[in-house]
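K.L.:
Same order as they appear, the protein sequences are chains G and F.
Residues in the first sequence are numbered consecutively from 19, following my numbering.
Residues in the second sequence are numbered consecutively from 619, following my numbering.
Handing you a structure now.
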Amino acid sequence: MVFLFIALPLVVAGILPLVGKVSKKFLPDLLANAVFIVLLVLVFFEGRGIAGQEAAVRELSWLGEPLNIRLLLDGFSLFMLFAVALVGFAISLFSIDYMDHYGSKANFYALFLVMIAGMNGLLLVTDLFQIYVFLEVAAVASYALVAFGLGHDELEASFKYLMLSAVASAFLLAGIVLIFGVTGALDFESVSQGLAALDSRFLVGLCAAFFILGFGLKAALVPFHAWLPDAHPSAPAPISAALSGLLIKVSGVYALTRVFLNVFGLTPALSTVLMYLGIISMVVAALLALGQTDIKRMLAYSSISQVGYIVLGIGLGTPLGILGGLFHLFNHALAKSLLFLNSGSLQMATGTRKLDEMGGLGKRMPVTSVTTLVGSLSIAGVPPLNGFWSKLIIIVALIQAGRWAFALIAVLASVLTLWYYLLIQRKAFFGKLNEKWASVREAPFWMTVSTVLLALLCIATGIFFAGTVNSWVRPAADAVVKGLQTALGSLGF
Amino acid sequence: MIIEIALLCGLVVFSAAAIIFRDLLRSAICLAVASLLLGIIFFRMKAPYIGAFEISVVAGLITVLFIVTIALTKTGGDVRESKAAAWIFPLFFVVFLVLDFFVMRGLIGKIPALGAAPEEGGFGDVLWKARTFDLVGQIGVIFAGVLAVLALFRKRDKDE
């Protein structure tokens with residue numbers, strides 16, 4: 019059943035271009051959304067299946083013959099699969115109305131599902147080379163999705179994204195090759211044991227540096243962020259939401275966490291590097307966001323800043339820090355997807371992304387205005403929304419660890435975040451209605467349903483945060499903290 | 619050792635030339651030569667399977683596809699090469715050599731010699747048995763590539 023997380027989106031992606039010949043809109047919409055509903059059901063089904071276990075390694079067989087495909091399902095991968103399925107479903111719902119004017123909807127969904135299959139594959143792999151392979155699956159699909167609009171800006175952004183992503187892949191591959199050379203293994207457990215027995219701190223440091231560069235580029239941490247503010251705004255809104263809400267987290271943060279905390283082991287030096295990368299990203303990107311006039315560009319910089327929070331929490335390495343980092347990852351996936359989708363609603367209604375040209379749209383688009391406010395306040399960390407709790411946990415973890423300066427900067431960066439989100443709210447929705455927008459209407463039905471769903475999830479996760487943390491986030495954090503050594507060792511893997 | 623260094627230098631030269639040339643035909647030929655050199659390097663490093671794939675698929679098949687596509691789509695007329703190509707490339711090469719010299723001098727002695735991984739059977743065993751999951755990923759990459767071509771070279775419908 020676990021293999022369905024990869025196989026189902028891939029198979030449906032293969033069918034969709036053919037289905038698109040028969041039905042241009044209805045069947046592609048139906049199939050794509052059905053895939054996400056099935057994935058959500060699978061997450062709950064598998065979650066029940068591994069309840070109480072630290073990890074489960076599923077070996078695939080075909081007609082009784084083993085296929086040598088091993089998939090790792092632990093609290094961390096399940097948590098991420100849940101986030102991908104949930105946010106993916108909201109994006110898919112939004113695309114029903116939004117992608118109509120782009121045309122070739124079946125191909126759009128097919129590419130989107132391949133990207134989802136790549137991400138799901140990455141979340142289930144058990145060795146380093148498979149990380150690289152599935153990173154590429156998701157990345158190749160995402161290059162095409164960024165350029166889907168076929169405009170000059172889209173193509174340029176896609177090319178820039180492709181180039182920098184290729185650099186990231188090259189660094190990752192170099193790191194994997196070196197590790198394979200010295201340990202003779204690729205699976206997490208053997209590599210972990212091999213590195214521990216290796217008497218060359220320099221070589222381990224070099225591999226770690228390659229991985230930091232590679233995953234840093236994928237996660238768009240400052241100073242490896244140059245591609246993101248071009249790529250994310252240029253893509254169609256649902257894809258901006260998928261890239262910011264999911265892809266940078268799966269191919270950047272998840273892979274980085276899995277490799278550094280479960281394979282390399284988090285050394286004090288590595289922890290310090292990650293924390294500094296996190297704090298620099300948090301502050302620099304927040305300052306850069308303040309100067310933006312394009313709403314999607316502002317949101318893109320905000321993504322870099324919030325990934326900084328996540329990496330800061332995880333890099334701290336304490337159980338509470340990891341818990342806070344992972345919870346913020348989930349909350350940011352919900353809220354940033356919501357905000358990017360709403361920016362798409364605004365762009366569709368007004369034809370512009372320039373905040374200075376908007377104004378007073380709250381009167382014409384009340385639902386979009388309210389849901390944007392929910393997403394903004396959530397990311398800014400205003401109680402009782404979900405972002406508040408995750409930021410609070412990260413800050414408490416920093417204080418507990420005696421990192422007062424980091425905690426203070428995190429609080430100040432949160433104030434900056436609130437500032438630029440209020441700017442969006444003021445310039446786009448509040449004030450006098452710009453006469454140009456007198457005929458603007460609320461977003462179409464499915465777009466509204468999708469954003470309302472995400473806004474309600476932001477509110478519900480905030481109000482019932484203890485339940486979310488205990489059922490989804492804590493098992494994920496436990497899996498990261500305990501590491502694969504104990505979890506997989508007990509399974510004889 | 620001298621042959622290896624010459625092959626690696628040739629690889630860098632032709633890879634850089636493939637990027638610098640504006641004429642797509644020249645660029646494709648430089649890429650093919652770079653792949654050929656890489657294939658020879660693989661053979662000399664006792665990796666005949668990957669060497670054979672590199673030469674037959676990348677240097678051979680893909681180059682043919684590139685050249686056919688260029689021949690079918692070229693509008694005619696020579697492309698004027700950028701003047702920058704005349705000086706950027708030698709400069710790039712010298713900078714690369716200097717950096718390489720210093721980096722490698724720093725690394726030699728600090729990195730243990732990389733031993734070969736234990737043999738896990740023949741090529742077929744490794745591909746079909748040990749690395750089966752990679753093939754699933756490969757299918758995903760091929761899917762993504764095909765779908766990307768379908769999406770990016772699509773014709774707009776009349777009603778769009």
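Every residue gets a Cβ at the ideal spot worked out from N, C-alpha and C, and that includes glycine.
1. Hey, how far is the Cα of residue 372 of chain G from the Cα of residue 621 of chain F?
2. With a cut-off of 8 Å on the beta carbons, I'd call residue 261 of chain G and residue 160 of chain G a contact; round off their distance for me.
3. Which class does residue 125 of chain G belong to by DSSP, given the choice of helix, strand or coil?
4. Looking only at its chain, what residues have a beta carbon closer than 6 Å to the beta carbon of residue 362 of chain G, apart from the 5 residues adjacent to it on each side?
5. Going residue by residue through the region 308–372 of chain G, where are the continuous alpha helix (DSSP H) segments of at least 4 residues, counting only ones entirely within it?
6. Hey, does residue 161 of chain G have any beta-carbon neighbour from chain F nearer than 9 Å?
7. Determine, using beta carbons only, whether residue 755 of chain F comes closer than 9 Å to chain G.
8. Check residue 205 of chain G in the structure and name its three-state DSSP category.
9. Using a Cβ-Cβ cut-off of 9 Å, state whether residue 35 of chain G counts as contacting chain F.
10. Closer than 8 Å is the cut-off here; do at least three beta carbon pairs connect the region 188–204 of chain G with the region 240–251 of chain G?
11. Quick check: the Cα distance between residue 451 of chain G and residue 439 of chain G, rounded to an integer number of angstroms?
12. Starting from residue 18 of chain G, find everything on chain F with Cβ-Cβ shorter than 7 Å and list it in chain order.
13. Just how far apart, CA to CA, sit residue 767 of chain F and residue 689 of chain F?
14. Could you check which residue in G:75, G:40 and G:54 has the C-alpha nearest to that of residue 20 of chain G?
15. Report the option in F:677, F:769, F:657 and F:663 whose CA atom is closest to the CA atom of residue 669 of chain F.
16. Name the chain F residues whose beta carbon is nearer than 9 Å to that of residue 139 of chain G?
17. Beta-carbon of residue 765 of chain F versus every beta-carbon of chain G: anything under 9 Å?
18. Any beta carbon from chain F within less than 9 Å of residue 24 of chain G's own beta carbon?
19. Please list, in chain order, all residues of the same chain as residue 350 of chain G whose beta carbon is under 6 Å from its beta carbon, the five residues on each side excluded.
20. Can you give me the Cβ contacts of residue 374 of chain G inside the same chain, cut-off strictly under 6 Å, excluding the 5 residues immediately before and after it?
21. With DSSP as the reference, please indicate the residues paired to residue 145 of chain G in a beta bridge.
22. When you compare the CB positions of residue 388 of chain G and residue 473 of chain G, do they come within less than 9 Å of one another, or not?
23. Roughly how many angstroms lie between the CA atoms of residue 431 of chain G and residue 221 of chain G, to the nearest whole one?
24. The beta strand (DSSP E) with residue 86 of chain G in it runs from where to where?
25. Residue 253 of chain G by DSSP, collapsed to three states: which one?
26. Quick check: what's the CA-CA separation for residue 747 of chain F versus residue 48 of chain G?
27. Please state if the CB of residue 131 of chain G and the CB of residue 259 of chain G are separated by a distance shorter than 9 Å.
28. Under three-state DSSP, which class holds residue 495 of chain G?
29. Who are the Cβ neighbours of residue 467 of chain G in its own chain at under 8 Å, not counting the five residues just before and after it?
30. Once you ignore the five residues that flank residue 316 of chain G on each side, which residues in its own chain have a CB closer than 7 Å to its CB?
31. For residue 705 of chain F, which of helix, strand or coil comes out of DSSP?
32. What first and last residue would you give for the alpha helix (DSSP H) that runs through residue 489 of chain G?
33. Let me see if you follow: with CB-CB separation under 9 Å, is residue 122 of chain G close to chain F or not?
34. So with Cβ pairs under 9 Å, would you call residue 665 of chain F a contact of chain G?
35. Could you check whether residue 458 of chain G and residue 385 of chain G sit closer than 9 Å to each other, using their CB atoms as the reference points?
36. Put residue 245 of chain G into one of helix, strand or coil per three-state DSSP.
P.N.:
Taking the definition as stated:
1. 58 Å
2. 6 Å
3. helix
4. 116 and 255
5. 313–334 and 337–368
6. yes
7. yes
8. strand
9. yes
10. With contact defined as three or more Cβ pairs closer than 8 Å, the region 188–204 of chain G and the region 240–251 of chain G are not in contact.
11. 19 Å
12. Nothing can be reported for residue 18 of chain G, as the shown portion of chain G is limited to 19 through 511.
13. Those two C-alpha atoms are separated by around 19 Å.
14. G:75
15. F:657
16. 751, 754, 755 and 758
17. yes
18. Interface residue, yes.
19. A distance below 6 Å between beta-carbons, with the five flanking residues on each side excluded, links residue 350 of chain G to the following residues of its chain, in chain order: 324.
20. So the list reads 311, once near-sequence residues are dropped.
21. G:205
22. yes
23. Whole-angstrom Cα-Cα distance: 36 Å.
24. 83–92
25. coil
26. Taking the straight line from one Cα to the other gives about 37 Å.
27. In this structure, residue 131 of chain G does not lie closer than 9 Å to residue 259 of chain G by Cβ.
28. In the structure shown, residue 495 of chain G falls within a helical segment according to DSSP collapsed to helix, strand and coil.
29. 111
30. Closer than 7 Å at Cβ, skipping near neighbours: 307, 310, 438 and 442.
31. In the three-state reduction of the DSSP assignment, residue 705 of chain F falls in the helix class.
32. Run containing residue 489 of chain G: none; DSSP gives neither H nor E here.
33. yes
34. The beta carbon of residue 665 of chain F does not come within 9 Å of any beta carbon belonging to chain G, so the residue lies off that interface.
35. Contact flag unset, no.
36. coil
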